[in-house]
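As they're listed, the protein sequences go chains A and B. Start counting the first sequence at 1; every next residue gets the next number (the numbering used here). Start counting the second sequence at 1001; every next residue gets the next number (the numbering used here). Ideal Cβ placement from N, Cα and C applies to all residues, glycine included. So the structure is just underneath, and the comments pick up after that.
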Amino acid sequence: MPRVYMDANATTPLLPEVVEAMRPYWTEHFGNASSIHMHGQTAHRAVDHARETLATLFNCRESEVVFNSGGTEGDNTAIFGLLRAGDHLITTSIEHSAVLQAAERVAKLGVEVTFVAPRASGLIDSADIVSALTPRTRLISVMLANNETGVVQPVEAIGKIAADAGAFFHIDGVQGAGKLALDVKRFGCHLLSISAHKMHGPKGVGAMYVRRGTPVESLLVGGSHERRRRAGTENVPGIVGLGKATELAMESLANGTIDRLADLRDRLEAGVLALSGTRVNGGRAPRTANTTNIAFENVEGEALVIALDLKGVAVSGGSACHSGSTEPSHVLMAMGLDKNAARASLRFSLMKTATDADVDFALQVVPQAVERLRALSPVAAGTLG
Amino acid sequence: MSNHTTIAVAMSGGVDSSTAAAMLVHNGETVVGLTLQLWDQTRLAGKHGIPDAPKAGRCCSLDDVYDARHVAEQLGIPYYVVNQEERFEKDVVRPFVDEYLAGRTPIPCSLCNNHLKFDQLLQTARSIGADSIATGHYAVNEFDQKRGRWILKRPADTAKDQTYFLFGLTQEQLAHTLFPLGSLTKPQVREVARERGLKLAEKPDSQEICFVPGGDYKQFIAAYLEEKGEQLPETAGELVASSGEVLGRHEGIASFTVGQRKGLGVSSPSPLYVLQIDPASRKVTVGADQELATHTLRARQLNWISIPSLTAPMRVRVKIRHRHEPAWATLAPSGADEAIATFDEPQRAVTPGQAAVFYDGEEVVGGGWIV
């Protein structure tokens, strides 16, 4: 049976070039990047090389790149590393749980937290950020692109607001990296977190832009790695993989691959919308090229995900980090959908390697599965008390 | 029985449902494993005396999902966890709490079977493209051409008989349900599990109500109400003898069940048992063991399996609780959706809230809820 993977916002496979780039660093070039000897120097050069690539991606100095374990660590570092009791944090109600849960934790420790809700479009209105400001606002944390809807947030406007207010600004860039051009100067942010595995790099490695002079305290202490901003022996193969994936991501943005991806996504979306009782969540806002979130009336999303998987199409109902939870998507609920509509919504997120054939296959499978579910709802089987 | 249909197996992570799945796979069926995630075991942690880190190894714990997933992987079948926590709370947990608060003694397993394990599971199974479901229950389900009905029967292993919890199944549900273990005894099931190389062949059976950690339902009710921000209703009242004499006071009717001996809070030369709980007056009547015996019971919300409906008195054996030896009785209709069973010999502790299940030989005639 053919299998089509349309859950790139959950994770992506390593591209062959990434695997090849990493290969020598598992065995031959195994050195500790902090060691003085040749083994260490070889590893150190590889990390430096990746750091140059990431600096290009972020448009920052190499010294402003900190390697870490991924998006969750970056998000946590921004919040735990900058905020103390008495401070005020502004974030949004549609952030990834790595931000939301960290915010809830610091709230218990005496940080005042404001969760700004999006408009029905899925967009955060920067005027709502302004309204939330207080004299104690120390950090504003807003995602670049939403993981569930792909909606791209107005980070430049928010960066200006932060600058005017004298607040630090952190961007969760995990779902934007590889799909949008990043530019920390244009964004006006102090911190920006990304993860390798969302852009065809390895899991368990990521990077953070930390603007020079930003007094963010390290989550992990120990050695003096990463200029004392992140202790722990460098994950050299991982960092090399992240560097290579970043290189390829910048190429894809430059050579039109991502624009082509938007065409594929639009064709998929139009095909699914030909079914009655469907609509796109966040479809009127600017979105990342690969993502569409579609509500199917009178369908239980969880059953549809399973039905599609058994037919060879891998998608997700909301975020993979929340699967198995009772609550419908907090993102869609924050956009004003009711529980049923939120539960009836599925996320299709294409990889940049997606093909026309992938979309054709999905458009053959999805309508059949949806019709089947609708025919059964409400099911004939009775319930006894 | 294979004709290229797909069977969804409800996998709990226990030896029974795992073996049921293994048997179907061995027979060449196309099988999909499903685990219903019904209750978050950490949900009430830290509330009202419930430990912060509850013990694992109960229904819906991550350990059980781990075991079920492992079995599915070993059998090479697709496997999914389906979240039904909201429905479980609405249809099982909340009624369980309310029944106790109303002075009755509920059976959550039957509610779960009726609402989740069969109704919802069958719907989910069909939604994902399966045609029928299979479970690890010990029961037999066969179609009888003559009567044109699906008949539920007691299994080969009478000690493991679970038909008492299955009396609510409709013909529609039975038509799409398989019980692969019906012809096996528990030791045989473990033997099959060993033959199929299932690591959990020796896993102990679960006994208690799956969502009540440690089996302390009073603690559970208190913790649940605390989470909901509700007060435990004031149901303290008088403890009376069957003569009407007031013997003392009790702290709430939810602490009692008919036939209970311990924890009554009064001393007496001969052992006293709870005879009756009256939620309206909050009176709990106690008396001697022999006073517990009654000749009749009334059952409502009836479901019929081997017969289309009860139109005339019928000789049956009636089971009034899980560990009860079915007793001979004459069953007669008494108005719409109510039947009265008159026992040949008086039965001890007929308890409102429990199920009465009627048997004709090995067959389940039907059942209802004792009022």
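Closer than 8 angstroms at the beta carbon, the chain A residues around residue i
i, result
"N1141 (chain B)", "None at all; the shortest Cβ gap to chain A is about 15 angstroms."
Contacts that residue i makes with chain B (C-beta to C-beta distance below 7 angstroms)
i, result
"I306 (chain A)", "Y1080 and I1128"
"L373 (chain A)", "S1127"
"L220 (chain A)", "Correct list: empty, because the minimum Cβ distance to chain B is about 25 angstroms."
"L337 (chain A)", "Those within 7 angstroms of L337 (chain A) in chain B number zero; the least Cβ separation is about 16 angstroms."
Neighbour list for residue i in chain B, Cβ cutoff strictly below 9 angstroms
i, result
"L191 (chain A)", "Those do not exist, as L191 (chain A) stays about 32 angstroms from chain B at its closest Cβ, beyond 9 angstroms."
"L332 (chain A)", "Here the premise fails: no neighbours, minimum Cβ distance about 16 angstroms."
Other residues of its chain near residue i: CB distance less than 6 angstroms, five sequence neighbours each side excluded
i, result
"G1057 (chain B)", "Confidence at G1057 (chain B) is low in this model, with a pLDDT of 45, below 50, so the placement of that residue should be treated as unreliable; the coordinate-derived value is given next. Around G1057 (chain B): D1063."
"A117 (chain A)", "S93 and A334"
"G195 (chain A)", "The question names Gly, yet the displayed sequence has Ser at residue 195 (chain A). Only G70, G71, V174 and G206 meet the Cβ criterion."
"P1106 (chain B)", "F1096, E1099 and G1353"
"I1209 (chain B)", "P1108"
"A1332 (chain B)", "P1313 and I1340"
"L1225 (chain B)", "L1232"
Rounded Cβ spacing between residue i and residue j (contact assumed at less than 8 angstroms)
i, j, result
"G74 (chain A)", "M208 (chain A)", "4 angstroms"
"K198 (chain A)", "T11 (chain A)", "7 angstroms"
"V1092 (chain B)", "H1115 (chain B)", "7 angstroms"
"F361 (chain A)", "T292 (chain A)", "Incorrect: roughly 16 angstroms between the Cβ atoms, too far for contact."
"V280 (chain A)", "E297 (chain A)", "No, V280 (chain A) and E297 (chain A) are not in contact; Cβ-Cβ is about 13 angstroms, not under 8 angstroms."
"R1300 (chain B)", "D1337 (chain B)", "6 angstroms"
"T1342 (chain B)", "A1356 (chain B)", "Not quite, the Cβ-Cβ distance comes to about 12 angstroms (not below 8 angstroms), so this is no contact."
"Q1260 (chain B)", "V1274 (chain B)", "5 angstroms"
"I79 (chain A)", "V106 (chain A)", "6 angstroms"
"I1151 (chain B)", "D1157 (chain B)", "With a Cβ gap of about 18 angstroms, I1151 (chain B) and D1157 (chain B) do not count as contacting."
"I1277 (chain B)", "G1366 (chain B)", "At roughly 26 angstroms, the Cβ-Cβ gap does not stay under 8 angstroms, so I1277 (chain B) and G1366 (chain B) are not in contact."
"V1032 (chain B)", "A1068 (chain B)", "With 8 angstroms as the limit, V1032 (chain B) and A1068 (chain B) do not qualify as a contact, their Cβ atoms being about 12 angstroms apart."
Beta-carbon proximity list for residue i, same chain, < 7 angstroms, skipping 5 on both sides
i, result
"R1194 (chain B)", "A1201"
"A50 (chain A)", "I239, V240, L242 and G243"
"V305 (chain A)", "V315, S316, G317 and L346"
"A262 (chain A)", "A289"
"I158 (chain A)", "S126, I129, I140, V142 and F169"
"V210 (chain A)", "E64, V66, L191, V216 and R229"
"K311 (chain A)", "V365 and A369"
"T137 (chain A)", "H88, I90, A165 and A167"
"P1233 (chain B)", "L1101"
"A181 (chain A)", "L253"
"E156 (chain A)", "R186, F187 and G188"
"V1242 (chain B)", "Val is not the amino acid found at residue 1242 (chain B); the sequence shown has Ser there. The answer, listed in chain order, is L1275, T1285, G1287 and E1291."
Beta-carbon proximity list for residue i, same chain, < 8 angstroms, skipping 5 on both sides
i, result
"V39 (chain A)", "Reading the sequence as shown, one finds His at residue 39 (chain A) and not Val. H29, F30, G31 and N32, listed in sequence order."
"S1255 (chain B)", "K1218 and G1263"
"P215 (chain A)", "L82"
"A120 (chain A)", "M335 and G336"
"Q1162 (chain B)", "H1137, Y1138, A1139 and P1155"
"G1076 (chain B)", "V1025"
"S252 (chain A)", "G178, I258 and K352"
Residue i: contacting residues in chain B (beta-carbon distance under 8 angstroms)
i, result
"L376 (chain A)", "Q1123, R1126 and S1127"
"L396 (chain A)", "Residue 396 (chain A) lies beyond the residue range present for chain A, which begins at 1 and ends at 385; the question has no answer from this structure."
"L346 (chain A)", "Residues of chain B passing the Cβ test: none, with the nearest at roughly 14 angstroms."
"L350 (chain A)", "Within 8 angstroms Cβ-Cβ: nothing; L350 (chain A) doesn't reach chain B, min ~23 angstroms."
"L100 (chain A)", "Ordered by position in chain B, no residue passes the 8 angstroms Cβ test against L100 (chain A), which lies about 18 angstroms from the chain."
Any chain C beta carbon closer than 8 angstroms to residue i
i, result
"L1225 (chain B)", "Reference to chain C is not applicable here, since the protein chains of this structure are A and B."
Proximity test, residue i beta-carbon vs the ligand HEM heavy atom, cut-off 7 angstroms
i, result
"L1044 (chain B)", "Only the bare structure without any ligand can be found here, which leaves the ligand HEM out of the picture."
- [ ] Within the region 104 to 141 of chain A, note down every full beta strand (DSSP E) run reaching 3 residues or more, in order along the chain.
- [x] For the region 104 to 141 of chain A, the full-length beta strand (DSSP E) segments reaching 3 residues or more read 112 to 116 along the chain.
- [ ] Quick one: which unbroken alpha helix (DSSP H) runs of 4-plus residues sit fully inside the region 39 to 92 of chain A? Chain order, please.
- [x] 71 to 82
Task: Whole beta strand (DSSP E) elements within the region 1130 to 1190 of chain B, 3-residue minimum - done: 1132 to 1134, 1140 to 1144 and 1149 to 1153
- [ ] Can you give me, in chain order, the residues of the region 1106 to 1127 of chain B that have a beta carbon less than 7 angstroms from any beta carbon in chain A?
- [x] N1114, H1115, D1119, L1122, Q1123, T1124, R1126 and S1127
TODO: Output, in sequence order along the chain, the residues in the region 1185 to 1200 of chain B whose CB is closer than 9 angstroms to any CB in chain A.
DONE: none
Task: Segments assigned beta strand (DSSP E), at least 3 residues, entirely inside the region 1315 to 1370 of chain B - done: 1327 to 1333, 1338 to 1348, 1355 to 1360 and 1363 to 1370
- [ ] May I ask you to list, following chain order, the residues of the region 1016 to 1050 of chain B that have a beta carbon less than 9 angstroms from some beta carbon of chain A?
- [x] V1032, L1034, Q1037 and D1040
Open item on the list: Against chain B, which members of the region 280 to 308 of chain A pass a CB distance test of less than 7 angstroms?
Closed with: E300, E302, A303, I306 and A307
Open item on the list: Please give the ranges of any alpha helix (DSSP H) in the region 1069 to 1140 of chain B, keeping only runs that are unbroken, at least 4 residues long and fully inside the region.
Closed with: 1085 to 1088, 1094 to 1101, 1108 to 1112 and 1121 to 1127
- [ ] Write down every uninterrupted run of the alpha helix (DSSP H) in the region 1204 to 1289 of chain B whose length is 4 residues or greater and which is fully enclosed by it, in chain order.
- [x] 1217 to 1228
Task: Near-chain B residues of the region 269 to 280 of chain A (beta-carbon distance less than 9 angstroms), N- to C-terminal order - done: none
Open item on the list: Threshold first: 3 residues or longer. Then list the beta strand (DSSP E) segments lying entirely within the region 196 to 245 of chain A, N to C.
Closed with: 206 to 210
- [ ] List in chain order: all unbroken alpha helix (DSSP H) runs of 4+ residues lying wholly within the region 312 to 381 of chain A.
- [x] 330 to 334, 339 to 343 and 356 to 375
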